[in-house]
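Q: The structure's right below; bear with me while I get my questions together.
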Amino acid sequence: MEEELPIPIYSTLEPVYGDGSQLEEAQFRFHTLRSKFLQFFGQLPDLYARSPGRVNLIGEHIDYEGYSVLPMAIRQDTIVAIRKHRAAEEGENLLRIANVNDQKYAMCTYPADPYQEIDLKHHKWGHYFVCGYKGFYEFAKLKGIAFTEPIGFDVVIDGTVPTGSGLSSSAAFVCSATIAIMAALDVNFPKKEIAQLTCECERHIGTQSGGMDQAISVMAKTGFAQLIDFNPIRATDVQLPQGGSFVIAHSLAESQKAVTAATNYNNRVVECRLAAIVLGIKLGMKPQEAISKVKTLSDVEGLCVSFASDRGSSDLVLAVKEFLKQEPYTAEEIETIIEENLSFVLANSPSSLDVLKAAKHFKLHQRAAHVYSEAKRVHAFKDTVNSTLSEEEKLKMLGDLMNESHYSCSVLYECSCPELEELVNVCHDSGALGARLTGAGWGGCTVSLVKENMVSQFILNLKEQFFQSRINQGVINKNDLDLYVFASKPSSGSAIFKL
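So for the sequence shown, this note's numbering puts the first residue at 141; every next one is plus one.
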């Protein structure tokens, strides 16, 4: 099983970057990394680790509810060059984190202390490396691997995943950092354990991540999307139909997931938990039992299935329509149903308490309806890919599912924004079979399913109808357009290089 294998270690770039222009670009990046490392630290790195960004094809905001998702890795990645400090070396008790783009990202220095608290009030780009450092030490301790002294590292980062794009630049960073630390300390673990560990790591930055981004970054395979299941983490290859291509386009609204967590991302995590508890109680659980046992909407799926099947249906949303009102709930209304204070229910999660402080009301019906319908669409997507339909019919059905997904994200989950809506409309007008926001939303990217022979024309239309006005306004530079709109094939996952 792929997820049982360790992270591969290569002595050349070809196994990951192939040949041709992509390899040339990678060679240039690794050469620049090496010389920057020498310039910053006067030494060469011990090794390199890389992890890719991802685009989620379908299954948005359901991984943290325990449901399967269907992403693929993209070629854009984060590479970490790392050197372990030797004893009695200058700076041996420090983490020194530099970036190839040192104009934008100044060097960050932290103590080599795995127990340090990350200062979430002052968001610094180097925090993501510290997430990996803390998480790795916690994991090693659980595995019975003891490091007598905390170890310092010199690190240089080079990332090509656009930040705030919804393409998981943060997971690419945390995964490559964690794997680099692991490799520098000469240990390796199965991919599924690293996927789980890196998901825990990112929670140190204050996002209640569901695990999809880390799982695909670590476990991706060239040429395949992956159906990712959770508890336990498993990846199943999904061969996408011939004749279709996925085009990613940036709305140019940056999604600052860690910064806006209390009102956006983590708010939805809390709304889903409360929806699940209320559903559990309405479907027969005692309030105290629901509060202690129900964490996600998948925990009450069985009750919703029974309710639906008693009425001759298999639709989980039936219970949502019956028991959760469409109007927003106040905190007091929820407390009356669950017979407990929300601050008590959410007491063990500081980030959830932040949500409680910021929220005026909770839209339980809409959030639960999205999660259950989106989970169903993921399996419909996989079943369509594996069906005996013609390629043409498959592409049409996949496009329809993507369109339904976007509608649900936009209307029920409210994680879109005006720029994303405009871009999705332009994608449809330009001939996309399906187009939807991808990633957490509130900015970031769209992904469109486009017929292979129309990709060039489609990208040209997007450049003219969406991006040209932004170039004219000086929002982006014309020369950088290829960073903001590109076609992508499924790429490979994390790797370690000893060059």
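Cβ atoms here follow ideal geometry from the backbone N, Cα and C, with glycine treated the same way.
These figures come from a predicted structure and were not determined experimentally.
Give every residue of the same chain whose Cβ lies closer than 7 Å to the Cβ of residue 357, excluding the five residues on either side of it in the sequence, and list them in chain order.
A: Walking along the sequence shown from the start, residue 357 turns up at place 217. So the qualifying residues of the chain are 191, 192, 194, 213, 308, 311, 312, 315, 633, 634.
Q: Is residue 433 helix, strand or coil by DSSP?
A: Mapped onto the sequence shown, residue 433 falls at position 293. Of the three classes helix, strand and coil, the one that applies to residue 433 here is helix, per DSSP.
Q: Provide the residue span of the beta strand (DSSP E) that contains residue 613, from first to last.
A: For the purposes of this step, residue 613 is taken as residue 473 along the sequence shown, with counting starting at 1. From DSSP, residue 613 is part of no beta strand (DSSP E); its letter is neither H nor E.
Q: Report buried or exposed for residue 217, applying the criterion of at least 16 other Cβ atoms within 10 angstroms of its Cβ.
A: As a working mapping, residue 217 is identified with position 77 in the sequence shown. Buried, because 16 or more other Cβ atoms sit within 10 Å of the Cβ of residue 217.
Q: Taking only the alpha-carbon atoms, compute the straight-line gap between residue 412 and residue 494 and give it to the nearest angstrom.
A: The count along the sequence shown starts at 1 and reaches residue 412 at position 272. The count along the sequence shown starts at 1 and reaches residue 494 at position 354. Whole-angstrom Cα-Cα distance: 16 Å.
Q: With a CB to CB cut of under 7 Å and the five nearest residues on each side skipped, what residues in its chain are close to residue 166?
A: Residue numbering aside, residue 166 sits at position 26 when the sequence shown is read from its first letter. Counting only Cβ-Cβ distances below 7 Å, and skipping sequence neighbours, we find 153, 157.
Q: Take residue 377 and list the residues in its own chain whose beta-carbon comes closer than 7 Å to its own, dropping the five residues that flank it on each side.
A: For this step, residue 377 is matched to residue 237 along the sequence shown. Cβ neighbours of residue 377 beyond the five flanking positions: 361, 364, 366.
Q: By Cβ distance below 7 Å, which residues in the same chain neighbour residue 205 in space, the five residues on each side in sequence not counted?
A: Taking the first residue of the sequence shown as position 1, residue 205 is located at position 65. Counting only Cβ-Cβ distances below 7 Å, and skipping sequence neighbours, we find 412, 436, 437, 438, 511.
Q: Does residue 225 come out as helix, strand or coil in the three-state DSSP assignment?
A: Translated into the one-based positions of the sequence shown, residue 225 becomes position 85. Coil.
Q: My understanding is that residue 459 touches residue 423, with C-beta atoms under 8 Å, so please give their C-beta distance in whole angstroms.
A: Counting from one through the sequence shown, the residue named residue 459 turns up at place 319. Counting from one through the sequence shown, the residue named residue 423 turns up at place 283. With 8 Å as the limit, residue 459 and residue 423 qualify as a contact, their Cβ atoms being about 7 Å apart.
Q: Put residue 377 into one of helix, strand or coil per three-state DSSP.
A: Here residue 377 refers to the residue found at position 237 when the sequence shown is read from its first residue. Here residue 377 sits in strand by DSSP.
Q: Can you tell me where the beta strand (DSSP E) with residue 574 in it begins and where it stops?
A: Residue numbering aside, residue 574 sits at position 434 when the sequence shown is read from its first letter. Following the DSSP letters along the chain, one finds residue 574 inside the beta strand (DSSP E) bounded by residues 574-578.
Q: Just tell me which of 577, 295, 185 has its CA closest to the CA of residue 554.
A: On the sequence shown, position 414 is the one that residue 554 refers to. Here the closest residue by C-alpha is 577.
Q: Once DSSP output is grouped into helix, strand and coil, what is the label at residue 503?
A: In the sequence shown, counting from the first residue as 1, residue 503 sits at position 363. Looking at residue 503 - three-state DSSP - the assignment turns out to be coil, as it is neither helix nor strand.
Q: With a threshold of 16 other CB atoms inside 10 Å of the CB of residue 615, please say whether the residue is buried or exposed.
A: For the purposes of this step, residue 615 is identified with residue 475 of the sequence shown, where counting begins at 1. Answer is exposed; the Cβ neighbour count stays below 16.
Q: At which residue ranges does the stretch 151-227 contain complete alpha helix (DSSP H) runs of 4 or more residues, listed in the order of the chain?
A: 154-157, 161-181
Q: Pick out the complete alpha helix (DSSP H) segments inside the stretch 384-467, 4 residues or longer, and give them in chain order.
A: Whole alpha helix (DSSP H) segments, 4+ residues: 405-422, 427-433, 441-449, 457-463.
Q: Could you check how far apart the C-beta atoms of residue 320 and residue 222 are, in whole angstroms? I think they sit under 8 Å.
A: As a first step, residue 320 must be located in the sequence shown, where it is residue number 180. As a first step, residue 222 must be located in the sequence shown, where it is residue number 82. Rounded, the Cβ-Cβ distance is 4 Å, consistent with contact.
Q: For residue 255, count the other beta carbons within 10 Å of its own beta carbon; 16 or more makes it buried, fewer makes it exposed. Which is it?
A: On the sequence shown, position 115 is the one that residue 255 refers to. Residue 255 is exposed by the Cβ-count criterion.
Q: For the 8 Å Cβ check, are there 3 or more pairs between the stretch 449-465 and the stretch 507-521?
A: Of all C-beta pairs linking the stretch 449-465 to the stretch 507-521, three or more are shorter than 8 Å, placing the two stretches in contact.
Q: Which same chain residues, not among the five before or five after residue 327, have their C-beta less than 7 Å away from its C-beta?
A: Translated into positions along the sequence shown, residue 327 becomes position 187. So the list reads 285, once near-sequence residues are dropped.
Q: Okay, do the stretch 226-240 and the stretch 389-396 touch, 3+ Cβ pairs below 8 Å being the bar?
A: no
Q: Would you identify the three-state DSSP class for residue 362, choosing helix, strand or coil?
A: For the purposes of this step, residue 362 is taken as the residue at position 222 of the sequence shown. Correct three-state label for residue 362: coil.
Q: Can you tell me the Cα-Cα spacing of residue 582 and residue 507, whole angstroms?
A: Translated into positions along the sequence shown, residue 582 becomes position 442. Translated into positions along the sequence shown, residue 507 becomes position 367. One C-alpha to the other measures close to 16 Å.
Q: Would you list the residues sitting across from residue 469 in a DSSP beta bridge?
A: Looking up residue 469 in the sequence shown gives position 329. In the DSSP assignment, residue 469 is bridged to 502.
Q: Mind checking whether residue 389 and residue 368 have CB atoms under 9 Å apart?
A: Numbered from its first residue, the sequence shown carries residue 389 at position 249. Numbered from its first residue, the sequence shown carries residue 368 at position 228. Not in contact: residue 389 and residue 368 (Cβ atoms no closer than 9 Å).
Q: Taking buried to mean at least 16 other C-beta atoms within 10 Å of its own C-beta, is residue 490 buried or exposed?
A: The residue given as residue 490 occupies position 350 in the sequence shown. Its Cβ having fewer than 16 others within 10 Å, residue 490 is exposed.
Q: Determine the closest residue to residue 590 out of 607, 564, 610, with distance taken between C-alpha atoms.
A: Working through the sequence shown from its first residue, we reach residue 590 at position 450. Among 607, 564, 610, the Cα nearest to that of residue 590 is on 564.
Q: Evaluate residue 302 with the Cβ neighbour count: other Cβ atoms within 10 Å of its Cβ, from every protein chain shown; 16 or more gives buried, anything less gives exposed.
A: Position 162 of the sequence shown, counted from the start, is the residue given in the question as residue 302. By the 10 Å Cβ count, residue 302 comes out buried.
Q: Since residue 201 and residue 271 are thought to touch, with beta carbons under 8 Å apart, how far apart are those beta carbons, to the nearest angstrom?
A: Translated into the one-based positions of the sequence shown, residue 201 becomes position 61. Translated into the one-based positions of the sequence shown, residue 271 becomes position 131. So it is not a contact: roughly 21 Å between Cβ atoms.
Q: Taking 8 Å as the cut-off, is the beta-carbon of residue 450 closer than that to any non-hydrogen atom of the ligand GDP?
A: The ligand content of the structure shown is nil, which means the ligand GDP is not present either.
Q: Closest to residue 418 by CA distance: which of 477, 620, 337 is it?
A: Numbered from its first residue, the sequence shown carries residue 418 at position 278. Of the candidates 477, 620, 337, the one whose C-alpha sits nearest the C-alpha of residue 418 is 477.
Q: Would you decide whether residue 149 is buried or exposed? Buried here means 16 or more other CB atoms lie within 10 Å of its CB.
A: Residue 149 sits at position 9 when you count from the first residue of the sequence shown. Under this definition residue 149 is an exposed residue.
Q: Which residues does DSSP pair with residue 294 in a beta bridge?
A: Your numbering for residue 294 matches position 154 in the sequence shown. According to DSSP, which records beta bridges pairwise, residue 294 is partnered with 223, 236.
Q: According to DSSP, is residue 285 helix, strand or coil?
A: Taking the first residue of the sequence shown as position 1, residue 285 is located at position 145. Here residue 285 sits in coil by DSSP.
Q: According to DSSP, is residue 324 helix, strand or coil?
A: The sequence position of residue 324 within the sequence shown is 184, counting from 1. Residue 324 falls in the helix class under three-state DSSP.
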